[in-house]
Amino acid sequence: TPPPAGRIALSFVDETGAEVAFAGTLILRSDASPFGKEVAIPTATANFDLPLVLAGWQDVSAINVEGPKEAWLEGRLIDVVAGETARATLRVRAGRPIRGRVVCDGRPVANAWVRIDESTATSGPDGRFEIRWARPNAWIKAGADGYVTLAKVVSLESEGAELTLELRAAARVRVRARFRDGTPAAA
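Its first residue numbered 26, the sequence shown is counted upward by one per residue in my numbering.
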(Lines of atoms letter the chains of each structure in order from A and count residues from 1; the text may use other names and numbers.)
(Lines give C-alpha, C1' and ligand atoms only; values in the text may rest on other atoms or scores of the structure.)
Protein backbone atom coordinates (compact mmCIF):
# COMPACT_ATOMS: atom_id res chain seq x y z
CA THR A 1 0.00 0.00 0.00
CA PRO A 2 1.24 3.52 -0.73
CA PRO A 3 2.19 5.76 2.20
CA PRO A 4 -0.46 8.24 3.43
CA ALA A 5 -0.52 11.40 1.32
CA GLY A 6 -2.30 14.71 1.06
CA ARG A 7 -2.17 17.76 -1.22
CA ILE A 8 -0.61 21.20 -0.97
CA ALA A 9 -2.29 24.20 -2.63
CA LEU A 10 0.37 26.86 -3.10
CA SER A 11 0.05 30.52 -3.98
CA PHE A 12 2.93 32.82 -4.84
CA VAL A 13 3.08 36.45 -3.67
CA ASP A 14 5.64 39.24 -4.00
CA GLU A 15 7.10 41.25 -1.12
CA THR A 16 3.96 43.43 -0.98
CA GLY A 17 1.64 40.40 -0.71
CA ALA A 18 0.26 40.69 -4.26
CA GLU A 19 -0.10 37.44 -6.22
CA VAL A 20 2.67 36.90 -8.75
CA ALA A 21 3.19 34.30 -11.49
CA PHE A 22 6.09 31.91 -10.89
CA ALA A 23 7.68 29.10 -12.89
CA GLY A 24 10.59 26.99 -11.72
CA THR A 25 11.32 24.02 -9.49
CA LEU A 26 9.67 23.27 -6.15
CA ILE A 27 11.84 21.59 -3.55
CA LEU A 28 10.10 19.65 -0.77
CA ARG A 29 11.99 18.48 2.29
CA SER A 30 10.49 16.53 5.16
CA ASP A 31 11.49 14.28 8.01
CA ALA A 32 10.43 11.35 5.77
CA SER A 33 12.54 12.62 2.84
CA PRO A 34 15.31 14.93 4.15
CA PHE A 35 17.17 14.96 0.82
CA GLY A 36 14.22 16.59 -0.87
CA LYS A 37 11.95 15.96 -3.80
CA GLU A 38 11.92 18.26 -6.82
CA VAL A 39 8.77 19.09 -8.77
CA ALA A 40 8.77 21.23 -11.92
CA ILE A 41 6.37 24.14 -12.38
CA PRO A 42 6.73 24.40 -16.18
CA THR A 43 4.55 27.46 -16.85
CA ALA A 44 4.22 30.64 -14.82
CA THR A 45 1.29 30.55 -12.43
CA ALA A 46 0.21 32.30 -9.24
CA ASN A 47 -1.38 29.13 -7.85
CA PHE A 48 -0.11 25.56 -8.02
CA ASP A 49 -1.68 22.35 -6.75
CA LEU A 50 0.74 19.68 -5.59
CA PRO A 51 -0.91 16.23 -5.29
CA LEU A 52 0.39 13.14 -3.50
CA VAL A 53 2.60 14.79 -0.90
CA LEU A 54 3.71 12.54 1.96
CA ALA A 55 1.75 13.20 5.13
CA GLY A 56 3.75 15.00 7.81
CA TRP A 57 5.68 18.24 8.10
CA GLN A 58 7.00 19.65 4.82
CA ASP A 59 9.38 22.50 4.10
CA VAL A 60 8.74 23.92 0.63
CA SER A 61 10.93 26.29 -1.35
CA ALA A 62 11.16 27.08 -5.05
CA ILE A 63 13.82 28.35 -7.38
CA ASN A 64 13.64 29.96 -10.78
CA VAL A 65 17.18 29.81 -12.07
CA GLU A 66 16.39 31.87 -15.17
CA GLY A 67 15.00 34.84 -13.18
CA PRO A 68 16.69 34.40 -10.86
CA LYS A 69 13.93 34.47 -8.29
CA GLU A 70 13.19 32.32 -5.32
CA ALA A 71 10.14 31.57 -3.27
CA TRP A 72 10.01 30.17 0.23
CA LEU A 73 7.79 29.72 3.25
CA GLU A 74 8.48 32.27 5.89
CA GLY A 75 9.24 30.73 9.26
CA ARG A 76 6.91 27.76 9.22
CA LEU A 77 6.47 24.27 7.87
CA ILE A 78 3.35 22.89 6.18
CA ASP A 79 1.50 20.16 8.07
CA VAL A 80 0.20 17.78 5.38
CA VAL A 81 -2.62 15.54 6.62
CA ALA A 82 -3.49 12.37 4.69
CA GLY A 83 -6.51 12.89 2.43
CA GLU A 84 -6.64 16.67 3.03
CA THR A 85 -5.39 19.80 1.25
CA ALA A 86 -2.97 22.09 3.10
CA ARG A 87 -2.78 25.69 1.88
CA ALA A 88 0.44 27.70 1.90
CA THR A 89 1.81 30.94 0.51
CA LEU A 90 5.34 31.24 -0.80
CA ARG A 91 6.92 34.69 -0.89
CA VAL A 92 8.81 35.39 -4.12
CA ARG A 93 11.87 37.61 -4.05
CA ALA A 94 14.32 38.44 -6.80
CA GLY A 95 17.85 37.28 -6.20
CA ARG A 96 20.44 39.96 -5.62
CA PRO A 97 24.11 39.74 -6.52
CA ILE A 98 26.36 38.31 -3.82
CA ARG A 99 30.00 39.14 -4.43
CA GLY A 100 33.09 37.70 -2.87
CA ARG A 101 36.59 36.28 -3.20
CA VAL A 102 37.93 32.77 -2.93
CA VAL A 103 41.38 32.73 -1.33
CA CYS A 104 43.95 30.37 0.18
CA ASP A 105 46.42 31.89 2.65
CA GLY A 106 45.32 35.34 1.45
CA ARG A 107 46.11 34.61 -2.21
CA PRO A 108 43.31 34.44 -4.83
CA VAL A 109 42.13 31.04 -6.06
CA ALA A 110 41.22 31.17 -9.76
CA ASN A 111 38.61 28.88 -11.32
CA ALA A 112 37.07 27.91 -7.99
CA TRP A 113 33.41 26.91 -8.07
CA VAL A 114 30.99 28.55 -5.65
CA ARG A 115 27.53 27.06 -5.12
CA ILE A 116 24.40 28.04 -3.23
CA ASP A 117 21.72 25.40 -3.90
CA GLU A 118 21.34 25.38 -7.70
CA SER A 119 23.11 28.71 -8.29
CA THR A 120 26.75 28.31 -9.34
CA ALA A 121 29.59 30.73 -10.15
CA THR A 122 33.27 30.40 -11.03
CA SER A 123 35.96 32.67 -9.61
CA GLY A 124 38.09 34.73 -11.97
CA PRO A 125 41.91 35.06 -11.96
CA ASP A 126 41.64 37.44 -8.99
CA GLY A 127 39.51 34.93 -7.05
CA ARG A 128 36.40 37.13 -7.36
CA PHE A 129 32.93 35.71 -8.02
CA GLU A 130 29.34 36.88 -8.22
CA ILE A 131 26.30 34.71 -7.57
CA ARG A 132 22.61 35.60 -7.18
CA TRP A 133 20.64 34.71 -4.06
CA ALA A 134 17.40 35.91 -2.48
CA ARG A 135 17.36 34.61 1.09
CA PRO A 136 19.06 36.29 4.06
CA ASN A 137 21.15 33.18 4.87
CA ALA A 138 22.70 30.49 2.71
CA TRP A 139 24.51 27.17 2.89
CA ILE A 140 27.43 27.94 0.59
CA LYS A 141 30.01 25.54 -0.83
CA ALA A 142 33.25 26.36 -2.62
CA GLY A 143 36.10 24.32 -4.00
CA ALA A 144 38.79 23.98 -6.64
CA ASP A 145 41.23 21.37 -7.88
CA GLY A 146 43.95 20.91 -5.26
CA TYR A 147 41.87 22.39 -2.41
CA VAL A 148 39.62 21.01 0.33
CA THR A 149 35.93 21.81 -0.33
CA LEU A 150 34.52 24.47 2.01
CA ALA A 151 30.89 24.29 3.21
CA LYS A 152 29.38 26.74 5.68
CA VAL A 153 26.33 28.84 6.50
CA VAL A 154 26.73 32.54 5.76
CA SER A 155 24.58 35.58 6.56
CA LEU A 156 23.79 37.66 3.49
CA GLU A 157 21.66 40.34 5.13
CA SER A 158 24.15 43.18 4.66
CA GLU A 159 23.52 44.69 1.23
CA GLY A 160 26.78 45.13 -0.65
CA ALA A 161 28.89 43.08 1.79
CA GLU A 162 31.62 40.98 0.21
CA LEU A 163 32.23 37.38 1.26
CA THR A 164 35.69 35.92 1.67
CA LEU A 165 35.77 32.16 1.28
CA GLU A 166 39.04 30.70 2.62
CA LEU A 167 40.03 27.36 1.11
CA ARG A 168 42.75 25.06 2.44
CA ALA A 169 45.23 23.36 0.17
CA ALA A 170 44.63 19.62 -0.08
CA ALA A 171 47.31 17.30 1.22
CA ARG A 172 49.26 15.50 -1.46
CA VAL A 173 49.51 11.78 -1.05
CA ARG A 174 51.95 9.65 -3.00
CA VAL A 175 51.29 5.94 -3.13
CA ARG A 176 53.62 3.25 -4.42
CA ALA A 177 51.93 -0.09 -4.83
CA ARG A 178 53.88 -3.31 -4.88
CA PHE A 179 52.90 -6.91 -5.32
CA ARG A 180 53.60 -9.35 -2.49
CA ASP A 181 56.82 -10.42 -4.16
CA GLY A 182 58.03 -6.77 -4.03
CA THR A 183 57.73 -5.90 -7.72
CA PRO A 184 56.15 -2.52 -8.45
CA ALA A 185 52.54 -2.50 -9.64
CA ALA A 186 51.96 -0.67 -12.94
CA ALA A 187 50.40 2.76 -12.69
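Beta carbons are placed, not taken as given, at the ideal position from N, Cα and C, and that holds for glycine.
According to DSSP, simplified to helix, strand and coil, what is residue i?
| i | result |
| --- | --- |
| Glu191 | strand |
| Glu63 | strand |
| Gly207 | coil |
| Gly49 | strand |
| Gly120 | coil |
| Leu115 | strand |
| Asp104 | strand |
| Val198 | coil |
| Ala71 | coil |
| Ala146 | strand |
| Val38 | strand |
Report, in whole angstroms, the separation of the C-beta atoms of residue i and residue j, which I expect to be a contact under 8 Å.
| i | j | result |
| --- | --- | --- |
| Val38 | Val117 | 7 Å |
| Arg193 | Gly152 | Contact flag wrong, Cβ pair sits at about 15 Å. |
| Ile88 | Leu188 | About 20 Å separates the two Cβ atoms, so there is no contact after all. |
| Phe154 | Ala146 | 4 Å |
| Ser36 | Ala71 | 6 Å |
| Ala107 | Pro29 | 3 Å |
Sort out for me which residues DSSP pairs residue i with in a bridge.
| i | result |
| --- | --- |
| Asp84 | Arg54 |
| Gly31 | Val78 |
| Thr26 | Partner(s): none; Thr26 has no beta bridge. |
| Glu44 | Val38 |
| Val128 | Pro133, Glu191 |
Open item on the list: Could you tell me which whole beta strand (DSSP E) segments of length 3 or greater appear in the stretch 149-183?
Closed with: 153-158, 162-168, 175-180
Task: Touching by the beta-carbon criterion (3+ pairs, under 8 Å), the stretch 127-135 and the stretch 104-116 - done: no
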